[in-house]
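Asks: There's a structure below that I have some questions on.
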Amino acid sequence: MELQARYGEFRKLGLGIAALTYDPPAAIQKFAEERKIEFPILSDGDHGIVLRYGILNRQFEPGHRNYGIPHPGTFILNREGRVVARYFEEEFQYRNTSASIALKIGQPIAGMGAPSRQSTAHLDLTAFVSDQTVAPGHRFSIVLDIVPRSGMRIVAPGQHSYRVVGLTLDASDNVRTYPVSYPRSTEVSVAPRNERIGVYAQPFRLVQDVAIVVNDEMRKVSKQPGASVTLKGVLEYQACTDKSCDPPQQVPLSWMLALKPLG
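Taken in order, the sequence shown gives residues 1415 to 1677; the numbers are from the working numbering.
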């Protein structure tokens, strides 16, 4: 179980883990003993806690075996018990990895991929992944740390015709991508049309979430010794100065990750 494997690392960071399930205490105890789980697993058989958190699943009629089972998700609480972040999935088969969540809350843990570095005339790029080993259903993160060179402005999202910075992965039936959450940009006037657009002139980070698709092919491949999955793509961007904009650019990127069965 991934959380148990990472439990020691979270404890070293001063972070605790607790799981919540609708199963009765006896079933929870048996499950925890069989898998040697050290962190607490709480029973919420009457849905009281999920009701208070507003995540009761009402997609099924009362009385249905799946009624009330919440979508899988993670709440991040501070020491006062207040929710400071939440990460949920629409489908039961897909789960954020603990390393991906730790990265997003600013508490990276061990096991992340080694960073690769590239430079262009416009920027310096450091790229890495949150997890070196993934499984079907794992939702993990590709991180792009971008430092614009002096005088360069990297085009951000907005109502314009310029190329927006972003990662484009090669199409694959076995990989799912999610929308990127862009940091706040600065609006400037761009020559020669004096058009005002959002740009990044200071270092910024893009986090692209990716999931390994749960299908028969990936289940089969993941069980093979030495299985791996390769992600390929390009960082696309367009850079401007205060006088002109260069043509759109592409920086090739690739990652080979170990693949394991889900379980």
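Think of the CB as a built atom: it goes at the ideal place given N, C-alpha and C, for glycine as much as any other residue. Bear in mind the structure is a predicted one, so any value in this text is a computation, not a measurement.
Work out the CA separation of Lys1646 and Lys1637 for me, nearest whole Å.
Replies: As a first step, residue 1637 is located in the sequence shown; it is residue number 223 there, counting from the start. As a first step, residue 1646 is located in the sequence shown; it is residue number 232 there, counting from the start. Distance between the alpha carbons of Lys1637 and Lys1646 is about 22 Å.
Asks: With 16 as the cutoff for other CB atoms within 10 Å, does Arg1509 come out buried or exposed?
Replies: Position 95 of the sequence shown, counted from the start, is the residue given in the question as residue 1509. Label assigned to Arg1509: buried.
Asks: What residue does the beta strand (DSSP E) around Val1624 start on, and which one ends it?
Replies: In the sequence shown, counting from the first residue as 1, residue 1624 sits at position 210. Counting along the chain, the beta strand (DSSP E) containing Val1624 begins and ends at 1618-1626.
Asks: Tell me, which residues are paired with Asn1510 by DSSP?
Replies: As a working note, residue 1510 is residue 96 in the sequence shown. DSSP output for Asn1510 lists Arg1553 as bridge partner(s).
Asks: Let me check one thing: in DSSP terms, what residues is Leu1645 bridge-paired to?
Replies: Numbered from 1 along the sequence shown, position 231 holds the residue referred to as residue 1645. BP columns for Leu1645 point to Trp1669.
Asks: Please classify Ala1549 as buried or exposed, where buried requires at least 16 other C-beta atoms within 10 Å of its C-beta.
Replies: Translated into the one-based positions of the sequence shown, residue 1549 becomes position 135. Buried: at least 16 other Cβ atoms inside 10 Å.
Asks: By DSSP's criteria, Ser1564 is part of a beta bridge. Which residues make up the other side?
Replies: For the purposes of this step, residue 1564 is taken as the residue at position 150 of the sequence shown. Beta-bridge pairing links Ser1564 to no other residue.
Asks: Compute the Euclidean distance between the alpha carbons of Arg1607 and Pro1662, then round it to the nearest angstrom.
Replies: In the sequence shown, the residue the question calls residue 1607 occupies position 193. In the sequence shown, the residue the question calls residue 1662 occupies position 248. Taking the straight line joining both Cα atoms gives about 17 Å.
Asks: Starting from the C-beta of Phe1618, find all residues in its chain whose C-beta is less than 7 Å away, skip the five residues before and the five after it, and write them out in chain order.
Replies: Along the sequence shown, read from residue 1 onward, the residue named residue 1618 stands at position 204. Closer than 7 Å at the Cβ level, and outside the excluded window around Phe1618, lie Ile1560, Pro1597.
Asks: Would you kindly check if the distance between the Cβ of Val1624 and the Cβ of Thr1591 is under 9 Å?
Replies: What you label residue 1591 is simply residue 177 of the sequence shown in a count that begins at 1. What you label residue 1624 is simply residue 210 of the sequence shown in a count that begins at 1. The Cβ atoms of Thr1591 and Val1624 sit closer than 9 Å to each other.
Asks: Assign Asp1660 to buried or exposed, taking buried as 16 or more other Cβ atoms, counted over all protein chains shown, within 10 Å of its Cβ.
Replies: Here residue 1660 is taken as the residue at index 246 of the sequence shown, counted from 1. Exposed: under 16 other Cβ atoms inside 10 Å.
Asks: Can you tell me where the beta strand (DSSP E) holding Gln1420 begins and where it ends?
Replies: Within the sequence shown, numbered from 1, the residue matching residue 1420 stands at position 6. The question names Gln, yet the displayed sequence has Arg at residue 1420. Run containing Arg1420: none in the beta strand (DSSP E); it sits in the alpha helix (DSSP H), 1416-1426.
Asks: Compute the beta-carbon to beta-carbon distance between Ile1626 and His1552, rounded to the nearest angstrom, for a pair I have assumed lies under 8 Å.
Replies: Within the sequence shown, residue 1626 is the residue found at index 212, counting from 1. Within the sequence shown, residue 1552 is the residue found at index 138, counting from 1. Between His1552 and Ile1626 the Cβ distance is about 6 Å, and since that is below 8 Å, they are a contact.
Asks: I'd like the list of long-range same chain contacts for Leu1676, defined as Cβ closer than 6 Å, with 5 residues on each side in sequence excluded.
Replies: Start at 1 with the first residue of the sequence shown, and residue 1676 comes out as number 262. Same-chain partners within the cutoff: Ala1549, Pro1550, Gly1551.
Asks: Run through DSSP, which three-state label would Gly1612 get?
Replies: Translated into the one-based positions of the sequence shown, residue 1612 becomes position 198. Correct three-state label for Gly1612: strand.
Asks: Mind checking which residues open and close the alpha helix (DSSP H) that includes Gly1468?
Replies: Indexing the sequence shown from 1 puts residue 1468 at position 54. Premise fails: Gly1468 is in no alpha helix (DSSP H) and is neither H nor E.
Asks: Out of Lys1657, Ile1490, Lys1444, Arg1577, point me to the one whose CA is closest to Ser1603's CA.
Replies: Start at 1 with the first residue of the sequence shown, and residue 1603 comes out as number 189. The residue with the shortest Cα to Cα distance from Ser1603 is Lys1657.
Asks: Give a yes or no on whether the C-beta atoms belonging to Ser1512 and Leu1417 are separated by under 9 Å.
Replies: On the sequence shown, residue 1512 is found 98 positions in, with the first residue counted as 1. On the sequence shown, residue 1417 is found 3 positions in, with the first residue counted as 1. Going by C-beta atoms, Ser1512 is nearer than 9 Å to Leu1417.
Asks: Buried or exposed: where does Lys1518 fall if 16 or more other Cβ atoms within 10 Å of its Cβ makes it buried?
Replies: As a working mapping, residue 1518 is identified with position 104 in the sequence shown. Answer is buried; the Cβ neighbour count reaches 16.
Asks: Can you list, in chain order, the residues of its chain with a C-beta nearer than 6 Å to that of Ala1433? Leave out the 5 residues immediately preceding and following it.
Replies: Locating residue 1433 in the sequence shown gives position 19, counting from the first residue. Cβ within range, chain order: Ile1455.
Asks: How should Gly1482 be labelled, buried or exposed, when 16 other C-beta atoms within 10 angstroms of its C-beta is the threshold for buried?
Replies: Translated into the one-based positions of the sequence shown, residue 1482 becomes position 68. Gly1482 comes out buried.
Asks: Can you give me the C-alpha to C-alpha distance between Pro1666 and Thr1644, rounded to a whole angstrom?
Replies: Locating residue 1666 in the sequence shown gives position 252, where the first residue counts as 1. Locating residue 1644 in the sequence shown gives position 230, where the first residue counts as 1. Rounded to whole angstroms, Pro1666 to Thr1644 spans 13 Å at the Cα level.
Asks: Starting from Asp1538, trace the alpha helix (DSSP H) both ways and give me its first and last residue.
Replies: Mapped onto the sequence shown, residue 1538 falls at position 124. Looking at the DSSP string, Asp1538 is not in any alpha helix (DSSP H); the run it does join, the beta strand (DSSP E), is 1537-1543.
Asks: Given this structure, state the Cα-to-Cα distance separating Gln1473 from Tyr1467, to the nearest angstrom.
Replies: Taking the sequence shown and counting its residues from 1, the one referred to as residue 1473 is at position 59. Taking the sequence shown and counting its residues from 1, the one referred to as residue 1467 is at position 53. In a straight line, the C-alpha of Gln1473 is about 17 Å away from that of Tyr1467.
Asks: Using the Cα positions of Ile1463 and Glu1475, report the straight-line distance between them to the nearest angstrom.
Replies: Here residue 1463 is taken as the residue at index 49 of the sequence shown, counted from 1. Here residue 1475 is taken as the residue at index 61 of the sequence shown, counted from 1. Roughly 19 Å separates the two Cα atoms.
Asks: Have a look at Thr1600 and Asp1584 and give me their C-alpha separation to the nearest angstrom.
Replies: Position 186 of the sequence shown, counted from the start, is the residue given in the question as residue 1600. Position 170 of the sequence shown, counted from the start, is the residue given in the question as residue 1584. Taking the straight line joining both Cα atoms gives about 30 Å.
Asks: Under 8 Å Cβ to Cβ from Asp1458, same chain only, skipping five residues before and after it: list those, please.
Replies: Here the question's residue 1458 lines up with position 44 in the sequence shown. So the qualifying residues of the chain are Leu1434, Thr1435, Tyr1436, Val1464.
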